[in-house]
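Under the UniProt record's numbering, the sequence shown has 135 at position 135, and the numbering climbs by one with no breaks.
Glycine is no exception: its CB is placed at the ideal position from the N, C-alpha and C atoms.
Because the structure is a prediction, the values reported are computed rather than measured.
Data first, discussion second: the structure below is written as structure tokens.
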Amino acid sequence: MERIPEPELMDGAEQALAYAQADFEEPNSRFVETFVERFGEPEGTMLDLGCGPADIPLRFARRAPGLTVTAMDGAAEMISLGARALSREPELAGRVQLVCSTLQRLELPAASYDAVVSNSLLHHLAEPGPFWQAVRRYARPGAAVLVMDLSRPESAVAAQSIVDTYAAEEPAILREDFYNSLCAAFTPEEVRAQLEAAGLGALAVEAASDRHWIVSGRLHGVGG
Ligand SMILES: C[S@@+](CC[C@H](N)C(=O)[O-])C[C@H]1O[C@@H](n2cnc3c(N)ncnc32)[C@H](O)[C@@H]1O
1 MERIPEPELM DGAEQALAYA QADFEEPNSR FVETFVERFG EPEGTMLDLG CGPADIPLRF
61 ARRAPGLTVT AMDGAAEMIS LGARALSREP ELAGRVQLVC STLQRLELPA ASYDAVVSNS
121 LLHHLAEPGP FWQAVRRYAR PGAAVLVMDL SRPESAVAAQ SIVDTYAAEE PAILREDFYN
181 SLCAAFTPEE VRAQLEAAGL GALAVEAASD RHWIVSGRLH GVGG
């Protein structure tokens with residue numbers, strides 16, 4: 001099916017809250033485990049692009065006492081939910097920095113992060129280029145990169161069937177978000193072409209499930 005882009009930012013109060021309250025225990029802990037399996041325990045500095053309510057960066061910070069995480073999102077609602085979650089764990093406050101900025105306007109120190117991660121941001125973007133440019137810009141040489149996102153199914157019927165299989169018990173607003181996200185997602189083949197175009201051909205892309213792909217690898221210098 002043709003890609004149907006969705007709005008970039010999740011800036012609606014109701015939408016952001018529903019997302020923050022959803023149970024992402026399994027996929028978010030799997031994201032962290034996948035990072036550790038591929039790259040070892042994280043340390044140094046990590047950048048999370050499109051962090052949402054900051055559940056994943058808080059998991060990394062909790063797990064790795066030697067890690068400082070910069071977590072960015074363009075939606076003020078999401079960053080404020082992240083700040084609320086962080087305030088409940090004051091022991092992490094010195095190691096987690098929340099930045100409210102769109103990807104397109106982001107200004108952080110270039111080539112300075114030991115790891116760049118992102119979960120489920122890419123499919124929100126009208127154009128994928130700025131996302132991969134940010135990965136390339138902010139990762140230092142040798143940095144670990146882990147990106148996961150949804151994979152667009154072959155048809156609207158297949159997308160609905162995935163929603164019915166995996167989100168039957170979720171509130172309607174989340175089921176609708178999930179369906180729209182599947183329709184907006186890129187396929188692994190499209191992502192492969194994006195990586196080549198961005199000079200990130202050293203990163204590998206693989207299908208990870210019936211509805212996800214993973215990009216991972218280390219950047220060995222400018223251009224991967
Ligand atoms: C599906 S959520 C994923 C959140 C988080 N990574 C997670 O796994 O729970 C996607 C996030 O990307 C953010 N986003 C979308 N477009 C963006 C952009 N252009 N710049 C920055 N953030 C963006 C949205 O506001 C939203 O919080």
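With respect to 7 Å, is the separation between the Cβ of residue i and the closest non-hydrogen atom of ligand 1 below this value?
i, result
"S80", "no"
"F186", "no"
"S120", "yes"
"A75", "yes"
"F39", "no"
"G52", "yes"
"E8", "yes"
"T68", "no"
"I214", "no"
Measuring only the C-alpha atoms, how far is residue i from residue j?
i, j, result
"A134", "A22", "28 Å"
"L9", "M72", "12 Å"
"G223", "R3", "Residue confidence is low: G223 scores 45 on pLDDT, short of 50, so the model does not pin down where it sits. No coordinate-derived value is stated."
"T45", "L174", "32 Å"
"G199", "R192", "11 Å"
"P109", "R140", "10 Å"
"Q97", "V69", "6 Å"
"E77", "A54", "11 Å"
"F186", "L150", "7 Å"
"A85", "A159", "32 Å"
"G40", "A144", "10 Å"
DSSP on residue i, reduced to helix/strand/coil?
i, result
"I79", "helix"
"R140", "strand"
"D149", "strand"
"D177", "helix"
"L106", "coil"
"A22", "coil"
"G199", "coil"
"P171", "coil"
"L121", "coil"
"T187", "coil"
What are the residues that DSSP puts in a beta bridge with residue i?
i, result
"V205", "V215"
"L47", "T70, V116"
"Q97", "T70"
Shorter than 8 Å from the beta carbon of residue i to some beta carbon of chain B?
i, result
"M78", "Considering every chain present, this structure includes no chain B. It has just one protein chain."
Three or more C-beta pairs below 8 Å linking the segment 176 to 192 and the segment 152 to 168: yes
Three-pair Cβ contact test at 8 Å for the segment 91 to 102 versus the segment 138 to 156: no
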